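Each remark here refers to the structure printed beneath this line.
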DNA sequence: TTTATATACCTTGACAGGCGATGTATCTTG
DNA sequence: CAAGATACATCGCCTGTCAAGGTATATAAA
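Chains as they are written, first to last, in our numbering: chain A, 101 to 228; chain B, 101 to 228.
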């Protein structure tokens with residue numbers, strides 16, 4: 101690792117508790133991207149990697165599994181792009197129900213985040 | 101629900117995405133309690149409920165499963181209390197390795213939290 | 001030409017943590 | 001005596017993530 105480069109949170113490798121930390125947030129993160137613009141799986145994953153400085157990369161099985169669940173409950177819809185060159189792309193668009201679900205997810209995340217932060221606060225620790 | 105009472109995050113019921121949000125944080129939360137003082141399962145769960153105003157309650161199967169894992173990897177040790185009355189209690193004490201693991205977990209949690217918050221930030225949302 | 005790399009999607013089986021359900025035992029309160 | 005609180009434990013299920021493998025097209029290097 102080049103000096104000065106931060107250690108990535110390697111989702112899925114031995115030193116990572118992180119895939120459990122991500123659990124339940126994957127769909128929210130995807131919806132967040134689709135709030136900004138409709139897009140397709142491969143690009144969304146690249147954008148997430150770029151936005152986090154390479155610290156977060158969704159695995160393909162996780163990514164497509166999440167898209168599948170989101171479409172099944174009507175939070176997104178998909179359609180094939182009309183690319184005349186290169187690999188085909190399946191585009192996703194968020195639905196009104198998806199926007200609502202995102203708002204709800206964000207609220208639940210913020211509540212959970214507050215609770216966890218409260219429970220691991222350092223005041224009063226016993227160092228015997 | 102009485103007016104003015106906040107809706108609890110009901111871990112495990114139908115409207116709750118929350119048990120997935122908790123995944124991977126259970127052990128950290130238990131270690132956080134044991135940093136403050138050694139204690140036993142039932143009490144720890146009550147303290148967690150009190151500290152979160154009833155918003156978070158670990159299920160017993162979750163609680164004891166987590167203690168079991170923590171002990172298996174040497175992050176806590178357990179011993180039977182010497183109660184002469186009432187139900188027996190299994191007490192837990194955090195080990196030096198457990199303190200180290202907690203510090204690491206907290207760092208990973210904070211990193212994950214930052215990443216998630218960044219990815220769901222609202223700037224630039226597209227409301228077409 | 002062949003090979004490798006990037007783009008782009010999909011599926012299968014295994015794994016692990018959380019949960020509902022159930023069981024045990026003791027003590028207190030009505 | 002029945003009910004509820006205290007206190008611990010276990011079983012099997014469910015679900016999201018992952019490793020591994022597969023398909024196909026385009027471009028760059030050998």
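Ideal Cβ placement from N, Cα and C applies to all residues, glycine included.
All values reported here derive from a predicted model rather than from experimental measurement.
Hey, how far is the Cα of residue i from the Cα of residue j?
| i | j | result |
| --- | --- | --- |
| residue 155/B | residue 146/B | 12 Å |
| residue 164/A | residue 127/A | 10 Å |
| residue 132/B | residue 186/A | 52 Å |
| residue 219/B | residue 190/A | 22 Å |
| residue 197/B | residue 174/B | 7 Å |
| residue 121/A | residue 207/A | 17 Å |
| residue 221/A | residue 181/A | 48 Å |
| residue 179/B | residue 205/B | 25 Å |
| residue 170/A | residue 183/B | 52 Å |
| residue 195/A | residue 135/A | 9 Å |
| residue 216/B | residue 168/B | 30 Å |
| residue 200/B | residue 176/B | 11 Å |
| residue 158/A | residue 188/B | 45 Å |
| residue 139/B | residue 130/B | 10 Å |
| residue 203/B | residue 124/A | 23 Å |
| residue 212/A | residue 152/B | 10 Å |
| residue 118/A | residue 209/B | 8 Å |
| residue 223/A | residue 192/A | 46 Å |
| residue 160/B | residue 137/B | 20 Å |
| residue 143/B | residue 144/A | 45 Å |
Taking Cβ-Cβ distances shorter than 9 Å, what residues in chain A pair up with residue i?
| i | result |
| --- | --- |
| residue 165/B | Within chain A, no residue comes near residue 165/B; the closest Cβ sits about 14 Å away, beyond 9 Å. |
Check residue i in the structure and name its three-state DSSP category.
| i | result |
| --- | --- |
| residue 177/A | strand |
| residue 220/A | coil |
| residue 193/A | strand |
In chain B, which residues lie with their C-beta within 9 Å of the C-beta of residue i?
| i | result |
| --- | --- |
| residue 169/A | Under the 9 Å cutoff, chain B gives no residues; its nearest Cβ is about 12 Å from residue 169/A. |
| residue 172/A | Within 9 Å Cβ-Cβ: nothing; residue 172/A doesn't reach chain B, min ~16 Å. |
| residue 124/A | 117, 118, 119, 120, 121, 122, 123 |
Check the Cβ of residue i against every Cβ in chain A and list those closer than 8 Å, keeping chain order.
| i | result |
| --- | --- |
| residue 180/B | Neighbours of residue 180/B on chain A: none; closest Cβ ~20 Å, over 8 Å. |
| residue 155/B | 211, 215 |
| residue 151/B | 218, 219 |
Quick one: using the 10 Å Cβ neighbour count with 16 as the cut-off for buried, is residue i buried or exposed?
| i | result |
| --- | --- |
| residue 141/B | buried |
| residue 166/A | buried |
| residue 172/B | exposed |
Could you tell me which chain A residues have their CB closer than 7 Å to the CB of residue i, listed as they occur along the chain?
| i | result |
| --- | --- |
| residue 158/B | Within chain A, no residue comes near residue 158/B; the closest Cβ sits about 11 Å away, beyond 7 Å. |
| residue 132/B | 219, 220 |
Residue i versus chain B: which residues are under 8 Å apart at the beta carbon?
| i | result |
| --- | --- |
| residue 129/A | 216, 219, 220 |
Along the region 196-211 of chain B, what residues have a CB closer than 7 Å to any CB found in chain A? Within the region 196-211 of chain B, those residues whose Cβ lies closer than 7 Å to any Cβ of chain A are, in chain order, 205, 206, 208, 209, 211.
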